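Accompanying notes for the structure given below.
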Amino acid sequence: MWTEACRIDTMGAKLTVSDADHVVIVGGGFGGIAAAKQLSYYRIPYTLIDIKHAFHHNMGALRASVQKGFAEKTFIGYDATFKSNFKQGKVSDIDLEEQDVIMDNGEVIHFSHLILATGSTGPFPGKLIEPFSRETAIQMYEDLVKEIQKAETIVVVGGGLAGVELAAEIRTDYPDKEVTRDWLKFQTDLLFNESLLCISG
Numbered sequence: 000m001w002t003e004a005c006r007i008d009t010m011g012a013k014l015t016v017s018d019a020d021h022v023v024i025v026g027g028g029f030g031g032i033a034a035a036k037q038l039s040y041y042r043i044p045y046t047l048i049d050i051k052h053a054f055h056h057n058m059g060a061l062r063a064s065v066q067k068g069f070a071e072k073t074f075i076g077y078d079a080t081f082k083s084n085f086k087q088g089k090v091s092d093i094d095l096e097e098q099d100v101i102m103d104n105g106e107v108i109h110f111s112h113l114i115l116a117t118g119s120t121g122p123f124p125g126k127l128i129e130p131f132s133r134e135t136a137i138q139m140y141e142d143l144v145k146e147i148q149k150a151e152t153i154v155v156v157g158g159g160l161a162g163v164e165l166a167a168e169i170r171t172d173y174p175d176k177e178v179t180r181d182w183l184k185f186q187t188d189l190l191f192n193e194s195l196l197c198i199s200g
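Under numbering that gives the first Met the number 0, the first residue of the sequence shown carries the number 0, and numbering increases by one thereafter.
Put into structure tokens, the structure is as follows:
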């Protein structure tokens, strides 16, 4: 909750920030980045903390698993975007009474306001849980691309959004590969072998 000294009036675009105000954002996913952008816009001092060195745009992760060279486009460095407002590292503790975030290297960052935006986790290739280097992460995707390239038959297990998208990505780039799609509930036909009309307007 904002204090009286740090009040935003969105209707009149008025803002008062005291010298003591400093927002700490833990987590550099979509939520954390959105918060950081708002704070930057209103010139509110903040620190963004994430265990990884770069934002991984996981919306493109499935394409990166199939298309050679695409993985590089899914990483955006925090340093380049947030400069001195970014700290890479792991938060080991939060002292709410003293209003301090304690990093695993012992560094203490004081906050007047705290935003926890740690997001969710999931398996590779959709998400990267471990703080791999950019080069290592890109190589992991490129290795997966090679596996798909050399495979004659591919079985995608799971008919949710990710499963359907991955199967479609494979069929788009490799139309001659056999992609098993019998796993879809209610035997939904994805029309992999048919052209779909584009309807606009």
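Think of the CB as a built atom: it goes at the ideal place given N, C-alpha and C, for glycine as much as any other residue.
Model, not experiment: these values are computed from the prediction.
Opening and closing residue of the alpha helix (DSSP H) in which residue i lies
i: Met139; result: 133 to 149
i: Gly162; result: 160 to 172
i: Ile32; result: 29 to 40
Bounding residues of the beta strand (DSSP E) (the contiguous stretch that carries residue i)
i: Val178; result: 177 to 179
i: Ser91; result: 90 to 94
i: Phe110; result: No beta strand (DSSP E) contains Phe110, which DSSP labels as neither H nor E.
i: Lys86; result: 85 to 87
i: Asp99; result: 99 to 102
i: Thr152; result: 152 to 154
Beta carbon of residue i nearer than 8 Å to that of residue j
i: Met102; j: Lys89; result: yes
i: Ile108; j: Asp94; result: no
i: Ile137; j: Ala70; result: yes
i: Gly125; j: Ala161; result: yes
i: Leu47; j: Gly31; result: yes
i: Val25; j: Thr120; result: no
i: Val144; j: Gln66; result: yes
i: Phe54; j: Tyr40; result: no
Residues near residue i in its chain [Cβ-Cβ closer than 8 Å; skip 5 each side]
i: Ser132; result: His52
i: Asp172; result: Val65, Gln66
Spatial neighbours of residue i in its chain, beta-carbon cut-off 7 Å, leaving aside the 5 residues before and after
i: Leu38; result: Val22, Tyr45
i: Phe185; result: The predicted model places Phe185 with a pLDDT of 46, which falls under 50 and marks its position as unreliable; any figure quoted below should be read in that light. If we look at Phe185 and ignore the five residues flanking it on each side, it has no Cβ neighbours.
i: Ser91; result: Ile101, Met102, Asp103
Where residue i falls: helix, strand or coil (DSSP)
i: Gly59; result: helix
i: Phe123; result: coil
i: Ile48; result: strand
i: Val16; result: coil
i: Ala53; result: strand
i: Phe69; result: coil
i: Thr80; result: helix
i: Ile128; result: coil
i: Ile43; result: coil
i: Thr2; result: Note that Thr2 scores 42 on pLDDT, short of 50, meaning its location in the model is unreliable; the coordinates nonetheless yield the value given after this. DSSP places Thr2 in coil when its eight states are reduced to three.
Min CB distance residue i to chain B below 8 Å
i: Leu115; result: Of the chains in the structure shown, none is chain B; there is only one protein chain.
Cβ neighbour criterion (16 or more within 10 Å) applied to residue i
i: Ser64; result: buried
i: Thr73; result: buried
i: Tyr140; result: buried
i: Asp142; result: exposed
i: Asp49; result: buried
i: Leu115; result: exposed
i: Ala33; result: exposed
Close beta carbons around residue i, own chain, < 6 Å, minus the five adjacent residues each side
i: Leu165; result: Leu61, Val155
Closer than 7 Å: residue i CB and nearest the ligand SAM heavy atom
i: Ala167; result: Absence of the ligand SAM is noted for the structure shown, with no ligands found whatsoever.
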